[in-house]
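Data block below; observations after.
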Amino acid sequence: MLTDTTKDAIRAAYTRLKDGLPGFRARASQGKMIAEVAKALAQEGGAAVIEAPTGTGKSMAYLIAGVEVARAQKKKLLIATATVALQEQLVQRDIPLYLKLNGTEAKVALAKGRGRYLCPRNLAMASNSLNETSQMGLGFDADLALWTKPPQERDKKALSKLADLFDRHEWDGDIDSAPEPISDVLRPMITTSAGGCTSRKCAHFMQCPFFAARRAVGDADIIVANQDLVLADLTMPREEDGFGGVILPKPDETLYIFDEGHHVPSKAIDRGAAEVYMSTAVRQLSRLGRQVHAAYSLTDKEVIGKLSLDAGDQKLQELSNGLEELEREIRLSWLPSPDDQEPMYRGSLGQLPDAWVEHARALYVFTGEVERWIGAVRRAVLEMTETGPTHEALSRELGMALERIDRQVRTWRAWSATDGDNTPPLARWVTMSNDQQLICHASSVSAGGLLRSILWGNASAVVMTSATLSAGGNFRGFADAVGLPDESVTLSLPSPFDLATQARLEVPAMRSLPDAREEHVQEICDWLADNLDWNAGNLVLFTSRVKLDRVLQKLPIEHVRKVRAQGSLGKAQLVAEHIVDVEAGKGSTLFGLASFGEGLDLPGKLCETVVITQLPFAVPTDPVGATYAEWLESRGRNPFIEVTVPEATRLLTQYCGRLIRTETDRGRIVLLDRRVVLKRYGERMLKALPPFTRVIEKVA
8 MLTDTTKDAI RAAYTRLKDG LPGFRARASQ GKMIAEVAKA LAQEGGAAVI
58 EAPTGTGKSM AYLIAGVEVA RAQKKKLLIA TATVALQEQL VQRDIPLYLK
108 LNGTEAKVAL AKGRGRYLCP RNLAMASNSL NETSQMGLGF DADLALWTKP
158 PQERDKKALS KLADLFDRHE WDGDIDSAPE PISDVLRPMI TTSAGGCTSR
208 KCAHFMQCPF FAARRAVGDA DIIVANQDLV LADLTMPREE DGFGGVILPK
258 PDETLYIFDE GHHVPSKAID RGAAEVYMST AVRQLSRLGR QVHAAYSLTD
308 KEVIGKLSLD AGDQKLQELS NGLEELEREI RLSWLPSPDD QEPMYRGSLG
358 QLPDAWVEHA RALYVFTGEV ERWIGAVRRA VLEMTETGPT HEALSRELGM
408 ALERIDRQVR TWRAWSATDG DNTPPLARWV TMSNDQQLIC HASSVSAGGL
458 LRSILWGNAS AVVMTSATLS AGGNFRGFAD AVGLPDESVT LSLPSPFDLA
508 TQARLEVPAM RSLPDAREEH VQEICDWLAD NLDWNAGNLV LFTSRVKLDR
558 VLQKLPIEHV RKVRAQGSLG KAQLVAEHIV DVEAGKGSTL FGLASFGEGL
608 DLPGKLCETV VITQLPFAVP TDPVGATYAE WLESRGRNPF IEVTVPEATR
658 LLTQYCGRLI RTETDRGRIV LLDRRVVLKR YGERMLKALP PFTRVIEKVA
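Printed below as a string of structure tokens:
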């Protein structure tokens, strides 16, 4: 409950913010958000979803409310974001500013997953391996070699520099702030996963950046983490009972704020997804067998995990045979069309052929037995009193093998499970890679059930916020996607900007629709060539790489020279070059896909026109979305109206939000898709967009 003392503390903090920030302008939306965040967090099991458009000042709003409520209740405040950029903004700017203005102190920690920190053990092993040219590894077994191919000279230099700076305490081991570019080959060699980590058994434990960050999290009052890590923690079973509190503070002692909350449903679904590359899995089992032999030899044990080496070999062989039998069964009953560029077999309503399911049931048993045995083998290696580089490498390899086996366990469990009567089925499907390898997949189709059990019914209180969570103020789609409790608060705040004056939404008189691909591409090119101010700052958004590339091919060369297309360089470099050219008066136009439509901040003259080439409907071949749509249809519901249109509306609103970033911005949004005028759902989408001035041209 929100006490008078806490209310007074929140009011005082807001007053100090107003008095301390130069040029501060009070906004009704921010005040309303502070009040609703405070009420939700102060209530045990409180839940609120708040849509706060650009300019609301939402980070300061939830800090003012969250810090004071957490302090009053003696709980942790955890802010979960979807991007590293927002995490850094909060830790380096917003939170220190809030604490400074209020003359108060709080311990703040940034929490990331293991893969975003240097592993000192792996760094040392990789550095040492450069001197062992015979195997580029540790000399014990070729299977423990570190380098998959001879290292490039740039990787050698980067490795040497990173090791030197870390040893001299001039780099803290945060991969995101590495002083040297880390290639895709080098990164997995100097980081680690949970399976590859030996924790306190590691000789480098006290110097480990990940565990240093973990210790800081334990002491912190305010924790900033990425959503993936928070969801990973919430899905981890505790030894005593319940879920969560393994990596991060216990959920019932934590107030959660999910910023960029529109990412939560997809990230939660990804947490439960699993896949098995069939041929690769068989090869990895052969490699694992050799590593297990090495473990039995090193530990000098005849029996580990109640199995002799021969009995363990038999378990691995049974699993390998089972994988090959399932692959043979799939290939006999599924013949992809030669015309399919991305061959896929998807089980209708998640149901696979009975023969496949029977094989999956057997594989679920086999993988479970192998997982328990390999876990025991790894523990035996870890518990050895005499250790060295070979033991370190072997424990790492066995740990990563356990992670791979766990993915198999989850896949085969999903393939052999029976779906509930009143819940959406799991999506189950098979794809074929370019090298003809079969890949078996499984995934939940909705995050609602998972989030109800691990988050809403587990946390002390939760607030989700973002600039776009609803479809024109209707939260039904988002509420279903996250399993929002019925009694939760949902609130859509008005924009603090005068959008009707500052922005114009134009729908030109296009004669073709996006499904007429070449004709629509040509009309996009014609409109851009004739109507875009190429000497200004512009953003053009596409829903597919194919269409983006096709437009670039057909645009006049003098315009192409002023285009910076996503993928040609890193996003940060593209934006930096765009800013330089616009500020120099040369003009620059960014061509981008969905990631450029969310989170890109180009105020003022950096972006005076946003062109949206077509409505951002989801790809219809997505097996997760297709399975969910089938389930809705089976219950007499319309997935296009209930899911597809609201999600496209939310994305469209996000894209439009790239234009007006401050009170002084001016510009136009151009939508080159006449479906918003011609289709019945289009009127609903237009009505849900912010109140820009509308200019809809008529086709002559």
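Going by this note's numbering, the first residue of the sequence shown is number 8, and it counts up by one from there. Where is the CB? At the ideal position from N, CA and C, for every residue including glycine.
Exposure of residue i, with buried meaning 16 or more beta-carbon neighbours within 10 Å
i: Ser-344; result: exposed
i: Phe-31; result: exposed
i: Asp-162; result: buried
i: Ile-648; result: exposed
i: Ala-367; result: buried
i: Asp-148; result: Confidence is the limiting factor: at Asp-148 the pLDDT is only 46, short of 50, which leaves the residue's position unreliable, though a coordinate-based value still follows. Asp-148 is buried by the Cβ-count criterion.
i: Met-213; result: exposed
i: Met-40; result: buried
i: Met-8; result: exposed
i: Lys-114; result: exposed
i: Glu-75; result: buried
i: Asn-129; result: buried
i: Thr-12; result: exposed
i: Lys-25; result: exposed
i: Val-570; result: buried
i: Thr-272; result: As written in the sequence, residue 272 is Pro, which differs from the Thr given in the question. It counts as buried.
i: Val-514; result: buried
i: Arg-403; result: buried
i: Thr-198; result: buried
Of the listed residues the options, nearest to residue i (C-alpha basis)
i: Asn-545; options: Glu-177, Ala-227, Pro-158 and Thr-616; result: Thr-616
i: Glu-565; options: Gln-321, Cys-532, Phe-549 and Leu-548; result: Cys-532
i: Met-67; options: Gly-38, Val-582 and Gly-53; result: Gly-38
i: Leu-333; options: Leu-292, Phe-603 and Leu-445; result: Leu-445
i: Cys-209; options: Gly-395, Val-271 and Val-618; result: Gly-395
i: Gly-251; options: Glu-260, Asp-183 and Asp-240; result: Asp-240
i: Ser-460; options: Thr-438, Met-243 and Asp-307; result: Met-243
i: Ala-695; options: Asp-556, Asp-26 and Phe-482; result: Phe-482
i: Val-5; options: Gly-249, Lys-257 and Ile-197; result: A query on residue 5 cannot be resolved here, the shown segment of the chain reaching from 8 to 707 and no further.
i: Tyr-688; options: Pro-503, Glu-43, Gln-99 and Val-650; result: Val-650
i: Gly-319; options: Gln-348, Arg-642 and Phe-373; result: Phe-373
i: Gln-661; options: Tyr-284, Asp-347 and Asp-608; result: Asp-608
i: Gly-632; options: Lys-578, Pro-431 and Leu-457; result: Pro-431
i: Tyr-69; options: Lys-107, Leu-117 and Ala-20; result: Ala-20
i: Leu-613; options: Leu-622, Thr-425 and Arg-675; result: Arg-675
i: Ala-387; options: Glu-376, Gly-375 and Leu-401; result: Leu-401
i: Ile-276; options: Val-706, Gly-484, Gly-455 and Leu-520; result: Gly-455
i: Glu-51; options: Ala-468, His-176 and Ala-133; result: Ala-468
i: Arg-681; options: Asp-672, Leu-693 and Glu-670; result: Leu-693
CB contact below 8 Å: residue i versus chain D
i: Lys-119; result: Given the protein chain composition of this structure (a single chain), no chain D is represented.
Residue span of the beta strand (DSSP E) that contains residue i, given as start and end
i: Gly-54; result: Gly is not the amino acid found at residue 54; the sequence shown has Ala there. Run containing Ala-54: 53-58, per the beta strand (DSSP E) assignment.
i: Leu-445; result: 445-450
i: Asn-233; result: 229-233
i: Phe-265; result: 261-265
i: Leu-539; result: First-last for Leu-539: undefined, no H or E at that position.
i: Lys-83; result: 83-88
i: Glu-513; result: 510-514
Unbroken alpha helix (DSSP H) run spanning residue i, endpoints
i: Pro-437; result: The question names Pro, but residue 437 is Val in the sequence shown. First-last for Val-437: 434-439, but that is the beta strand (DSSP E), not the alpha helix (DSSP H).
i: Phe-485; result: 483-489
i: Lys-635; result: Note on residue identity: the sequence assigns Tyr, not Lys, to residue 635. From DSSP, the alpha helix (DSSP H) with Tyr-635 extends over 630-641.
i: His-105; result: Just to set this straight, residue 105 is Tyr in the shown sequence, not His. Residues 102-108.
i: Leu-289; result: Leu is not the amino acid found at residue 289; the sequence shown has Val there. Here the alpha helix (DSSP H) through Val-289 covers 285-306.
i: Thr-497; result: Taken as a continuous stretch (DSSP letters only), Thr-497 belongs to no alpha helix (DSSP H), being part of the beta strand (DSSP E) at 496-499.
i: Ser-327; result: 316-340
i: Phe-598; result: First-last for Phe-598: 595-599, but that is the beta strand (DSSP E), not the alpha helix (DSSP H).
i: Arg-221; result: 216-226
i: Arg-701; result: Premise fails: Arg-701 lies in the beta strand (DSSP E), 700-703, not in any alpha helix (DSSP H).
i: Thr-397; result: 396-423
Whole-angstrom C-beta distance between residue j and residue i, which should lie under 8 Å
i: Ile-4; j: Leu-548; result: Outside the modelled stretch of the chain, which goes from 8 to 707, sits residue 4, for which no answer is possible.
i: Leu-48; j: Gly-64; result: 18 Å between Cβ atoms; not a contact.
i: Leu-506; j: Pro-698; result: 5 Å
Between the segment 212-222 and the segment 118-130, can you find at least three pairs of beta-carbon atoms closer than 8 Å?
Flag = yes, the segment 118-130 and the segment 212-222 touch.
Using 8 Å as the Cβ pair cut-off and three pairs as the minimum, do the segment 286-303 and the segment 492-502 touch?
Of all C-beta pairs linking the segment 286-303 to the segment 492-502, fewer than three are shorter than 8 Å, placing the two stretches out of contact.
Spell out a yes or no on whether the segment 258-278 and the segment 80-91 are touching, meaning 3 or more CB-CB pairs, one atom from each, closer than 8 Å.
The answer is yes - the segment 80-91 touches the segment 258-278, with three or more Cβ pairs under 8 Å.
State whether the segment 405-420 contacts the segment 351-364, with contact taken as three or more CB pairs (one from each stretch) at a distance under 8 Å.
Output reads no: the segment 351-364 does not touch the segment 405-420.
How about the segment 655-672 and the segment 503-522: do they share at least three Cβ pairs that are nearer than 8 Å?
Because the criterion of three Cβ pairs below 8 Å is met, the segment 655-672 and the segment 503-522 touch.
Between the segment 171-178 and the segment 375-392, are three or more C-beta pairs nearer than 8 Å?
Cβ pair count under 8 Å is below three, so no.
State whether the segment 462-474 contacts the segment 53-72, with contact taken as three or more CB pairs (one from each stretch) at a distance under 8 Å.
With a cut-off of 8 Å on Cβ pairs, the segment 462-474 is in contact with the segment 53-72, counting three or more such pairs.
Within 8 Å, do at least three Cβ pairs link the segment 275-288 to the segment 433-451?
Counting Cβ pairs under 8 Å, three or more are found: they touch.
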